[in-house]
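Before any comments, here is the structure.
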Amino acid sequence: MLNRTRRFWQIQRTARRYGLGELLDGRGPAWLLGGRRRDDRPLGVRIRLALESLGPVFVKFGQTVSTRRDLLPPEIAGELAKLQDQVPPFPGEEAKALVETAYGCSLDAVFERFDETPLASASIAQVHAARLKPRPGEDAGMEVVVKVLRPGMHAAIRRDLDLMYLLADLVARFYPEGERLRPRAVVAEYERIINDELDLVREGANASQLRRNWLGSDLIYHPLVVFEHTCENVLVMERIEGVPIDDVETLREAGVDFKVLAERGVEIFFKQVFRDNFFHADMHPGNIFVDISNPARPRYLGVDFGIVGSLSPSDQRYLAENFLAFFNRDYRRIAELHVDSGWMPPDTRIEDFEGAIRTVSEPIFNKPLAEISFGLFLVRLFQIARRFRYRVQPQLVLLQKTVLNVEGLGRQLYPELDLWQTAKPILEQWMRDRVSPRTAAERFREQLPLLADQLPQLAGTLLKRLESGESPAQARQADVLAEMRAELGAQARGLRWTVVAGTFLVAAVLAGTGNWLSPWLPGGLAAGAVLGGWRAWRAGRASGRGDL
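So in numbering that gives the first Met the number 0 the end of the sequence shown lands on 547, straight run, no missing numbers.
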């Protein structure tokens, strides 16, 4: 309790020093956060400096909030995006002690070498190079990196989160736009993200999934996770060698094709989102390296998988259609999709929203394609949507952040990057795949057996409701309803046989048993239907109603 009180007054003094009382606009206890005093720097700059002075947890919070372009004024969001993890490392001896405590044994039992000087240090953890002891039959152990959670992080984050909620309540109550900003929801979102980052087993699982999705690809490589030596506060992964992607000079000296590198980054992102529905959501330069062994076709190397994202199938589809509608300048379709998906209130006037989107988009399209910033378009679209009571979509926050990261990185590497030319074919192919006969057949195979299985139960529930009605006429029809239930059950059993027979043949075709089977498919389905009907008739006779 003493530490929490001390931390509260530290936050209060920092807020007063940077004049953050301006946030409350003179309402309520504005004195608590202090006035502007003699600090004439913009509010966004002062907020950023205050968060940096409060340490890693608040820096991480500012980084997370900076992605909420739909909530924040542009000048504040832009300043928060400048926040960087510049955290001094903790002693290597302490890192070794933490690993030994986690393993319950000496480091010498696991590692041939463990470097005390860290390779990198961030707000949540730091990374050390090491070499595992060789396994039986191996000549040498694997070169690895060991990520160690900072000591006391759980307690520090819990303490600061409690105070963030308190500050959020003040903002919600006294800040003019507090209700729209929903500050408690923003803090809760941050709490979920940072708690995920504190579990290094979860990060290892994320890395393993990404590795499996891209294994064998020449676009990107993900390191192997050594799960036998990974626990909640220690992560061990294969060490990868590459050039940091922001070391442009080294990449240029190696003869790397920057156009190919930038386009490959865009391709990786869109395939992660739409093909795999599992994307690396923290793709800033510190987490991306480049394999320059083939400069003409450079390969990405990914690290730090604490933050990943995925979308529901409906959000995937709506998002892809939004992108394609924008590529085709179909503003009405964009407006309709926002309402259809529930992202905008149902009473939104489509014509008004369409006009607002056109106002934002047309000036962009007057530029050459290579000069169009999709990230900037998203920011402006959110500003427009806010006027139309846009409903914040938490599941899209990480995607928005990643789009900005990917495009910014691509422009840094190759300023003439044509995002549209790279992304549009991927989205169009994904949309074609969704409506292909193969996909339709697979959905048919997956859904119809379930429907056939549930039909008797659904029919029975409906008939029970009819039987329990208050109408005397319904009560007199109870016997008829019982007969109908038996008949429906018999027909449903027949439908099961239809589905089984038809699905067997569909599955056989999809499994590639040969083109010779294709002409037999319609006949096979018909045979399944006849067989199902015969089974239903037999079941109906058994229940006393053979006249189907």
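Backbone N, C-alpha and C define an ideal beta-carbon position, used for all residues, glycine too.
Since the model is a prediction, treat every value here as computed from it, not as a measurement.
I'd like the span of the alpha helix (DSSP H) that includes residue i, first residue to last.
{"i": "Ala-76", "result": "73 to 79"}
{"i": "Tyr-17", "result": "Counting along the chain, Tyr-17 falls outside any alpha helix (DSSP H), and DSSP gives it neither H nor E."}
{"i": "Glu-415", "result": "Unbroken run through Glu-415: none, as it is neither H nor E."}
{"i": "Phe-325", "result": "312 to 326"}
{"i": "Glu-202", "result": "199 to 213"}
{"i": "Glu-335", "result": "330 to 339"}
{"i": "Val-235", "result": "Val-235 -> not in any alpha helix (DSSP H); beta strand (DSSP E) instead, spanning 233 to 237."}
{"i": "Leu-260", "result": "257 to 269"}
{"i": "Arg-251", "result": "247 to 252"}
{"i": "Gly-61", "result": "55 to 64"}
Would you identify the three-state DSSP class for residue i, choosing helix, strand or coil?
{"i": "Ser-470", "result": "Model confidence at Ser-470 stands at a pLDDT of 49, short of 50, so the residue's coordinates are unreliable; what they give is reported in the following sentence. Three-state DSSP puts Ser-470 in coil, outside helix and strand."}
{"i": "Ala-139", "result": "coil"}
{"i": "Trp-515", "result": "Because Trp-515 sits at a pLDDT of 43, beneath the cut-off of 50, its placement in the model cannot be relied upon, and the following sentence gives the value as read from the coordinates. Helix."}
{"i": "Phe-89", "result": "coil"}
{"i": "Met-152", "result": "helix"}
{"i": "Asp-114", "result": "coil"}
{"i": "Lys-132", "result": "coil"}
{"i": "Val-109", "result": "coil"}
{"i": "Ile-287", "result": "strand"}
{"i": "Leu-554", "result": "The chain is shown only over 0 to 547; residue 554 falls outside these bounds and no answer can be derived."}
{"i": "Gly-43", "result": "helix"}
{"i": "Phe-277", "result": "coil"}
{"i": "Ala-119", "result": "strand"}
{"i": "Ala-124", "result": "strand"}
{"i": "Thr-4", "result": "helix"}
{"i": "Val-224", "result": "strand"}
{"i": "Gly-354", "result": "helix"}
{"i": "Gly-103", "result": "coil"}
{"i": "Ile-306", "result": "coil"}
{"i": "Pro-243", "result": "strand"}
Can you tell which of the options has its C-alpha closest to the C-alpha of residue i?
{"i": "Glu-361", "options": "Arg-379, Gln-208 and Phe-60", "result": "Arg-379"}
{"i": "Ala-43", "options": "Ala-94, Val-64 and Pro-182", "result": "The question names Ala, but residue 43 is Gly in the sequence shown. Closest option to Gly-43, Cα to Cα, is Val-64."}
{"i": "Arg-40", "options": "Glu-74, Val-307, Phe-7 and Leu-97", "result": "Glu-74"}
{"i": "Leu-318", "options": "Ile-306, Val-307 and Arg-332", "result": "Arg-332"}
{"i": "Ser-311", "options": "Pro-294, Ser-340, Leu-323 and Asp-290", "result": "Ser-340"}
{"i": "Asp-409", "options": "Val-126, Glu-262, Val-86 and Cys-104", "result": "The displayed chain sequence assigns Gly, not Asp, to residue 409. Among Val-126, Glu-262, Val-86 and Cys-104, the Cα nearest to that of Gly-409 is on Glu-262."}
{"i": "Ile-287", "options": "Gln-315, Gly-254 and Asp-246", "result": "Asp-246"}
{"i": "Arg-45", "options": "Gly-54, Leu-118, Thr-13 and Arg-298", "result": "Thr-13"}
{"i": "Asp-168", "options": "Arg-211, Val-185, Ala-155 and Ala-154", "result": "Val-185"}
{"i": "Ile-192", "options": "Gly-215, His-221, Leu-82 and Lys-59", "result": "Lys-59"}
{"i": "Lys-81", "options": "Ala-96, Gly-91 and Gly-61", "result": "Gly-61"}
{"i": "Leu-416", "options": "Ser-105, Gly-264 and Arg-251", "result": "Gly-264"}
{"i": "Tyr-330", "options": "Arg-316, Ser-313, Val-359 and Arg-130", "result": "Val-359"}
{"i": "Asp-217", "options": "Cys-104, Gly-301, Val-170 and Pro-284", "result": "Gly-301"}
{"i": "Arg-5", "options": "Arg-181, Gly-91, Leu-118 and Asp-159", "result": "Asp-159"}
{"i": "Ala-280", "options": "Val-225, Val-86, Arg-130 and Gln-399", "result": "Gln-399"}
{"i": "Ser-292", "options": "Glu-350, Glu-142, Gly-254 and Val-224", "result": "Gly-254"}
Assuming residue i and residue j make a contact with CB atoms under 8 angstroms, what is their CB distance in whole Å?
{"i": "Phe-325", "j": "Lys-423", "result": "Between Lys-423 and Phe-325 the Cβ distance is about 10 angstroms, and since that is not below 8 angstroms, they are no contact."}
{"i": "Leu-418", "j": "Phe-257", "result": "15 angstroms between Cβ atoms; not a contact."}
{"i": "Asp-290", "j": "Pro-297", "result": "7 angstroms"}
{"i": "Gly-140", "j": "Lys-132", "result": "5 angstroms"}
{"i": "Ala-334", "j": "Glu-353", "result": "4 angstroms"}
{"i": "Glu-196", "j": "Ile-123", "result": "5 angstroms"}
{"i": "Gln-125", "j": "Pro-150", "result": "Not really, about 11 angstroms apart at Cβ, beyond 8 angstroms."}
{"i": "Glu-78", "j": "Arg-47", "result": "4 angstroms"}
{"i": "Arg-101", "j": "Asn-232", "result": "Checking the sequence, you will find Ala at residue 101 rather than Arg. About 6 angstroms separates the two Cβ atoms, so the contact holds."}
{"i": "Asn-550", "j": "Asp-275", "result": "In this structure the chain extends from 0 to 547, so residue 550 is not present and cannot be described."}
{"i": "Met-236", "j": "Val-144", "result": "6 angstroms"}
{"i": "Pro-284", "j": "Ile-244", "result": "5 angstroms"}
{"i": "Gly-103", "j": "His-127", "result": "Rounded, the Cβ-Cβ distance is 19 angstroms, inconsistent with contact."}
Using a Cβ-Cβ cutoff of less than 8 angstroms, which residues in the same chain neighbour residue i once the five nearest sequence positions on both sides are dropped?
{"i": "Phe-268", "result": "Phe-278, Met-282, Thr-401, Val-402 and Val-405"}
{"i": "Pro-72", "result": "Gly-43"}
{"i": "Leu-106", "result": "Lys-95, Val-98, Glu-99 and Phe-113"}
CB-CB under 7 angstroms to residue i, same chain, minus the five flanking residues each way: which ones, in chain order?
{"i": "Thr-249", "result": "Val-242"}
{"i": "Ala-49", "result": "Thr-13, Ala-14, Tyr-17 and Leu-19"}
{"i": "Ala-155", "result": "Val-56"}
{"i": "Thr-229", "result": "Leu-199, Val-200, Gly-203 and Val-235"}
{"i": "Gln-9", "result": "none"}
Return the chain-ordered list of same chain residues with a C-beta closer than 6 angstroms to the C-beta of residue i, the five sequence neighbours on each side being excluded.
{"i": "Ser-470", "result": "Residue placement at Ser-470 is flagged as unreliable, the pLDDT there being 49, under the threshold of 50; a coordinate-derived value is accordingly withheld."}
{"i": "Leu-260", "result": "Pro-297 and Leu-412"}
{"i": "Tyr-164", "result": "Val-186"}
{"i": "Pro-344", "result": "Arg-388"}
{"i": "Thr-347", "result": "Val-338 and Phe-387"}
{"i": "Gln-271", "result": "Phe-278"}
{"i": "Asn-205", "result": "Phe-304 and Val-307"}
{"i": "Val-499", "result": "Low per-residue confidence applies at Val-499: pLDDT is 48, beneath 50, and the placement is therefore not dependable, though the value from the model is reported in the following sentence. Excluding sequence neighbours, Val-499 sits near nothing in its chain."}
{"i": "Ala-355", "result": "Ile-383"}
At what residues does the beta strand (DSSP E) containing residue i begin and finish?
{"i": "Gly-301", "result": "298 to 301"}
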